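Trainee: What follows is a single structure, and I will ask about it in a moment.
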Amino acid sequence: MHWLVLMAVAIFVRAFYSIAAKYAVTNVRVHYTNFSVLFLGLAGLIALGFSFFYEGIDLSILREETMLISLTIFTMVIGNVVYFKGQDMVDAGTTQIALSTKLVWAALLAMPILGTTYDGLQVLGMFILAGAILLTSKGISKGVASWGALLIAVSAISFAFNSIYLAQLAEATDVHTYLAVSYLGTAIFTIPLGLKNLKKDVSFVSKNKATTVKSMLFASLTSLVYFVAIYNTFNQAGDDRGLVSVLTNVQVVTTVLLAAIVLKERDQIGRKIFASMLVLLAAYLISGI
143 MHWLVLMAVA IFVRAFYSIA AKYAVTNVRV HYTNFSVLFL GLAGLIALGF
193 SFFYEGIDLS ILREETMLIS LTIFTMVIGN VVYFKGQDMV DAGTTQIALS
243 TKLVWAALLA MPILGTTYDG LQVLGMFILA GAILLTSKGI SKGVASWGAL
293 LIAVSAISFA FNSIYLAQLA EATDVHTYLA VSYLGTAIFT IPLGLKNLKK
343 DVSFVSKNKA TTVKSMLFAS LTSLVYFVAI YNTFNQAGDD RGLVSVLTNV
393 QVVTTVLLAA IVLKERDQIG RKIFASMLVL LAAYLISGI
């Protein structure tokens with residue numbers, strides 16, 4: 143199967159994850175650090191459970207790729223905490239357009255780390271993306287929304303580094319180890335950040351068990367399916383792994399449309415759709431297809 147087919151599956155699932163994350167953030171009213179622990183911990187436990195039906199976890203990777211795993215976890219900790227904080231302030235469509243700044247960061251980072259090079263059309267695509275983001279930011283009038291969009295854009299920097307490190311980790315280990323180590327490792331190192339709000343958040347979860355489980359399970363499962371798809375895409379892409387890191391941002395288009403249908407996020411919908419189409423064009427040019 144060509145990696146572009148797997149990429150299309152990953153993009154489609156990632157859009158559903160964006161909806162699931164917004165749904166979970168809206169319904170599970172805990173501090174964003176503890177939200178990240180709940181989400182990542184549940185996803186990691188599910189991944190760990192599935193691993194026992196296959197070959198288990200390859201713990202030797204912890205010793206052989208200590209630095210790479212540390213960088214992967216660190217960037218995911220920072221990215222998730224900042225992302226969920228911003229996600230609570232803006233809608234799912236705006237979130238994904240702001241997050242698409244990751245496209246440029248991933249493209250730039252792929253040059254020194256993965257050895258990716260770009261031609262004139264690909265550079266043009268990066269400028270088009272910048273225009274799409276600028277267009278979207280002009281459609282945000284509330285101060286809290288602007289701050290939320292800024293946080294999402296900041297999280298994109300961490301996620302850009304993370305996608306590059308994940309591309310290398312995907313090459314070094316199997317999918318079960320890849321998932322369990324990245325999710326559980328990130329959850330464990332996020333725990334200290336939420337200790338201050340732990341008592342209050344435990345109280346909320348105990349009083350809202352059904353809502354919490356349903357919301358977090360939806361977000362965790364869609365995230366896991368996405369990472370399985372993107373892992374296999376990285377493996378199939380070979381020398382084009384840098385392009386995979388860039389193309390994940392195409393899901394902005396499907397997310398905006400799904401958010402309008404499922405979450406009824408229709409504010410500034412014309413602007414969002416136009417900006418999303420610009421992101422799609424930018425991703426096409428940057429991909430070099």
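The numbering used here puts the first residue of the sequence shown at 143, with every later residue one more than the last.
Glycine included, every Cβ here is placed at the ideal spot set by N, Cα and C.
All of these numbers come straight from a predicted model, not from anything done at the bench.
Checking 7 Å against the spacing of the C-beta atoms, do G221 and N350 come in under that value?
Mentor: For the purposes of this step, residue 221 is taken as residue 79 along the sequence shown, with counting starting at 1. For the purposes of this step, residue 350 is taken as residue 208 along the sequence shown, with counting starting at 1. The answer is no: Cβ separation not under 7 Å.
Trainee: For a quick check, are the C-beta atoms of L182 and Y325 less than 7 Å apart?
Mentor: Within the sequence shown, residue 182 is the residue found at index 40, counting from 1. Within the sequence shown, residue 325 is the residue found at index 183, counting from 1. Yes.
Trainee: Using a threshold of 7 Å, state whether the C-beta atoms of N169 and T364 are closer than that.
Mentor: Locating residue 169 in the sequence shown gives position 27, where the first residue counts as 1. Locating residue 364 in the sequence shown gives position 222, where the first residue counts as 1. Cβ distance not < 7 Å, so N169 and T364 don't count as in contact.
Trainee: Residues in the same chain with beta-carbon distance under 7 Å from H173, minus the five sequence neighbours each way, listed in chain order, please.
Mentor: To locate residue 173, count along the sequence shown from 1; it is residue 31. So the qualifying residues of the chain are G336, N339, D343.
Trainee: Which first and last residues belong to the alpha helix (DSSP H) in which G336 is found?
Mentor: As a working mapping, residue 336 is identified with position 194 in the sequence shown. Unbroken run through G336: none, as it is neither H nor E.
Trainee: What residues in its chain sit with their C-beta under 7 Å from that of V179, if we drop five residues either side in the sequence?
Mentor: Mapped onto the sequence shown, residue 179 falls at position 37. Cβ within range, chain order: A329, T332, I333, G336.
Trainee: Kindly indicate the opening and closing residues of the alpha helix (DSSP H) around T208.
Mentor: Mapped onto the sequence shown, residue 208 falls at position 66. Segment 208 to 229, the alpha helix (DSSP H) holding T208.
Trainee: Should A401 be counted as a contact of the ligand GTP given a C-beta to heavy atom distance under 6 Å?
Mentor: This structure does not include the ligand GTP; it has no bound ligands of any sort.
Trainee: My understanding is that A189 touches L366, with C-beta atoms under 8 Å, so please give their C-beta distance in whole angstroms.
Mentor: Along the sequence shown, read from residue 1 onward, the residue named residue 189 stands at position 47. Along the sequence shown, read from residue 1 onward, the residue named residue 366 stands at position 224. That belief holds up - the Cβ atoms of A189 and L366 are roughly 6 Å apart, short of 8 Å.
Trainee: Between A152 and I372, how many whole angstroms is the CB-CB distance? I'm expecting something under 8 Å.
Mentor: For the purposes of this step, residue 152 is identified with residue 10 of the sequence shown, where counting begins at 1. For the purposes of this step, residue 372 is identified with residue 230 of the sequence shown, where counting begins at 1. Correct: roughly 5 Å between the Cβ atoms.
Trainee: Can you check which of these residues, E206, S418, A424, F192, is closest to A314 by C-alpha distance?
Mentor: Residue numbering aside, residue 314 sits at position 172 when the sequence shown is read from its first letter. The shortest C-alpha separation from A314 is found at E206.
Trainee: Would F177 pass as an interface residue toward chain C - the criterion being a Cβ-Cβ separation below 7 Å?
Mentor: Included in the structure is just one protein chain, with no chain C present.
Trainee: Residue range of the alpha helix (DSSP H) that K351 falls in?
Mentor: Counting from 1 along the sequence shown, the entry for residue 351 is found at position 209. Where K351 is concerned, the enclosing alpha helix (DSSP H) stretches over 351 to 379.
Trainee: Hey, would you say S202 sits closer than 7 Å to H318, going by beta carbons?
Mentor: To locate residue 202, count along the sequence shown from 1; it is residue 60. To locate residue 318, count along the sequence shown from 1; it is residue 176. No. Outside cutoff.
Trainee: Looking only at its chain, what residues have a beta carbon closer than 6 Å to the beta carbon of V386, apart from the 5 residues adjacent to it on each side?
Mentor: As a working note, residue 386 is residue 244 in the sequence shown. Taken in chain order, the residues that qualify are T375, F376, A379.
Trainee: Under DSSP, the alpha helix (DSSP H) around L180 begins and ends at which residues?
Mentor: Translated into the one-based positions of the sequence shown, residue 180 becomes position 38. Residues 174 to 193.
Trainee: Thinking Y307 and L422 are a contact (beta carbons under 8 Å), I'd like their distance in whole angstroms, please.
Mentor: Your numbering for residue 307 matches position 165 in the sequence shown. Your numbering for residue 422 matches position 280 in the sequence shown. At roughly 26 Å, the Cβ-Cβ gap does not stay under 8 Å, so Y307 and L422 are not in contact.
Trainee: Of the choices A424, Q310, G327, whose alpha-carbon is the least far from that of L184?
Mentor: Sequence index remark: in the sequence shown, residue 184 carries index 42 (1-based). Of the listed residues, the one whose Cα sits closest to L184 is G327.
Trainee: Taking the alpha helix (DSSP H) that R156 falls in, what are its first and last residues?
Mentor: In the sequence shown, residue 156 corresponds to position 14, counting from 1. Its alpha helix (DSSP H) spans residues 145 to 169.
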